[in-house]
Amino acid sequence: MEPDPSAEPGPAFSAAFPATFSTTFTAVVIDFFGTLTTSAPDDLWLRAAAASAEPLGLPAGQWRDVLSTSFVERATGVLGDLTETFRVLARRCGIEPSEAALAQACAARVKAQNALFVFRDDAAAGLEALKSRGYRLGLLSDCTPELPVAWPGLAVAPYFDTAAFSCVEGVKKPDPAFFRLVCDRLGVAPGDCLYVGDGGSRELSGAAAVGMTPVMLRADDWHRNSAHDREDDWTGPEIGSFTELIREIDAAGLSARSLLAHHQDRD
Numbered sequence: 001m002e003p004d005p006s007a008e009p010g011p012a013f014s015a016a017f018p019a020t021f022s023t024t025f026t027a028v029v030i031d032f033f034g035t036l037t038t039s040a041p042d043d044l045w046l047r048a049a050a051a052s053a054e055p056l057g058l059p060a061g062q063w064r065d066v067l068s069t070s071f072v073e074r075a076t077g078v079l080g081d082l083t084e085t086f087r088v089l090a091r092r093c094g095i096e097p098s099e100a101a102l103a104q105a106c107a108a109r110v111k112a113q114n115a116l117f118v119f120r121d122d123a124a125a126g127l128e129a130l131k132s133r134g135y136r137l138g139l140l141s142d143c144t145p146e147l148p149v150a151w152p153g154l155a156v157a158p159y160f161d162t163a164a165f166s167c168v169e170g171v172k173k174p175d176p177a178f179f180r181l182v183c184d185r186l187g188v189a190p191g192d193c194l195y196v197g198d199g200g201s202r203e204l205s206g207a208a209a210v211g212m213t214p215v216m217l218r219a220d221d222w223h224r225n226s227a228h229d230r231e232d233d234w235t236g237p238e239i240g241s242f243t244e245l246i247r248e249i250d251a252a253g254l255s256a257r258s259l260l261a262h263h264q265d266r267d
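Laid out in structure tokens, this is it:
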């Protein structure tokens with residue numbers, strides 16, 4: 001139901017946010033890596049690359065480089081599934097991998113990637129709190145094929161109403177189409193969405209460009225995170241944790257559920 005334009009605006013967030021940053025949202029869209037998960041520094045990514053390089057007989061550094069330079073291709077799914085992706089990348093390194101080597105490399109990659117799915121201590125409680133306050137939740141992730149395969153079994157997945165993965169959709173942040181896609185699936189307008197992310201892939205500017213209200217999650221480990229094209233120059237609102245996000249929402253005194261009820265009562 002469309003909000004009543006004559007309704008009074010909700011109260012603003014506390015001093016941590018600009019005065020115009022209000023709680024009149026019906027949905028929260030959240031990034032995955034470095035936001036829901038703890039930050040992964042370069043040495044962890046290098047070890048993950050080394051695990052899949054060994055079965056292919058390639059130097060870890062060379063394999064890490066080809067993984068890094070192909071990120072946009074992998075994140076938009078143009079190289080195919082994980083097996084086909086590794087086949088293409090191995091050929092770029094000058095080898096023709098056997099099926100057995102590919103299978104071992106893919107298994108090592110999945111194991112290494114899954115080890116990086118470590119959620120922040122307050123992530124689950126924060127998601128539960130958002131759901132209990134009536135917000136619809138969407139995940140929006142720039143990712144390679146490993147995440148969508150693992151997603152249904154991850155502890156945070158049941159909290160989300162929808163999840164959009166760049167490698168599945170063929171589009172990545174900060175493309176406006178990617179942000180609009182998750183809004184459409186949530187059944188909300190971009191202006192009704194709060195966006196939470198660590199700033200990778202220029203996601204905060206991308207969210208703002210389509211009408212969402214972006215906030216950076218800059219946790220204590222933010223500075224050691226390795227993120228593609230991160231918005232280190234972000235000067236907009238930020239929080240340090242999901243706990244802080246819920247505290248700010250509660251300080252404003254108006255949940256999404258009570259806001260919707262307020263609008264419905266006026267109809």
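Numbered according to my numbering, the sequence shown spans residues 1 to 267.
For glycine and all other residues, C-beta sits at the position ideal for the given N, C-alpha and C.
In this text, all values refer to a predicted model and were calculated from it rather than measured experimentally.
Chain-order list of residues whose beta-carbon lies under 7 Å from that of residue i (same chain, five-residue window excluded)
i      : result
Leu44  : Leu116
Val171 : Thr76, Ala177 and Phe178
Thr35  : Val196, Gly197, Asp198 and Leu217
Val210 : Pro176, Phe179, Arg180 and Pro190
Glu238 : Val215, Met216 and Arg218
Val66  : Leu89, Arg92 and Cys93
Arg247 : none
Leu127 : Leu137, Val156 and Tyr159
Trp234 : Gly199, Leu204 and Met216
Val168 : Gly77 and Pro148
Thr38  : Val118, Arg120 and Asp221
Ala150 : Asn114 and Phe117
Per-residue DSSP class, three states only, for residue i
i      : result
Arg136 : strand
Thr248 : Note that residue 248 is Glu in the sequence shown here, rather than Thr. Three-state DSSP puts Glu248 in a helix.
Leu303 : Within the shown structure, residues of the chain are numbered from 1 to 267, placing residue 303 beyond reach of any answer.
Phe86  : helix
Leu56  : helix
Val210 : coil
Phe25  : coil
Thr144 : coil
Glu99  : helix
Ser68  : helix
Glu73  : helix
Val156 : coil
Gly126 : helix
Ala51  : helix
Cys93  : coil
Glu203 : helix
Burial state of residue i, where buried means 16 or more other Cβ atoms lie within 10 Å
i      : result
Glu96  : exposed
Val118 : exposed
Lys173 : buried
Ser132 : exposed
Pro41  : exposed
Arg109 : buried
Pro145 : buried
Pro11  : Annotation note: pLDDT 29 at Pro11 (below 50); position unreliable, coordinate value reported separately. Under this definition Pro11 is an exposed residue.
Asp184 : exposed
Ser68  : exposed
Glu99  : exposed
Asp31  : buried
Own chain partners of residue i with C-beta closer than 8 Å, once the 5 adjacent residues on each side are dropped
i      : result
Gly240 : Leu217, Arg218, Ala219 and Asp220
Ala155 : Phe119 and Ala124
Cys106 : Ser52, Leu82, Thr83 and Phe86
Ala50  : Ala60, Trp63 and Arg64
Gly206 : Lys173, Pro174, Asp175, Pro176, Phe178 and Phe179
Same chain, Cβ closer than 6 Å to residue i, neighbours up to 5 away in sequence not counted
i      : result
Ala164 : Leu140, Leu181 and Val182
Gly138 : Val29, Thr162, Val182 and Leu186
Asp142 : Ala75, Ser166, Lys172, Lys173 and Ser201
Arg230 : Gly199 and Gly200
Thr213 : Leu194
Ala48  : Ala112
Gly80  : none
Ala101 : Pro55 and Leu56
Ala208 : Pro214
Ala129 : Ile246
Phe33  : none
Glu73  : Leu79
Closer than 6 Å: residue i CB and nearest the ligand FAD heavy atom
i      : result
Gly197 : With respect to the ligand FAD, the structure shown offers nothing to examine, as it has no ligands at all.
Counterpart residues of residue i in DSSP-defined beta bridges
i      : result
Leu217 : Ile239
Phe165 : Ser141
Cys119 : It is worth fixing the name first, because residue 119 is Phe in this sequence and not Cys. Bridge partners of Phe119: Thr37.
Ile30  : Leu139 and Val196
Counting pairs of beta carbons, one from the segment 81-95 and one from the segment 56-63, are three or more of them closer than 8 Å? yes
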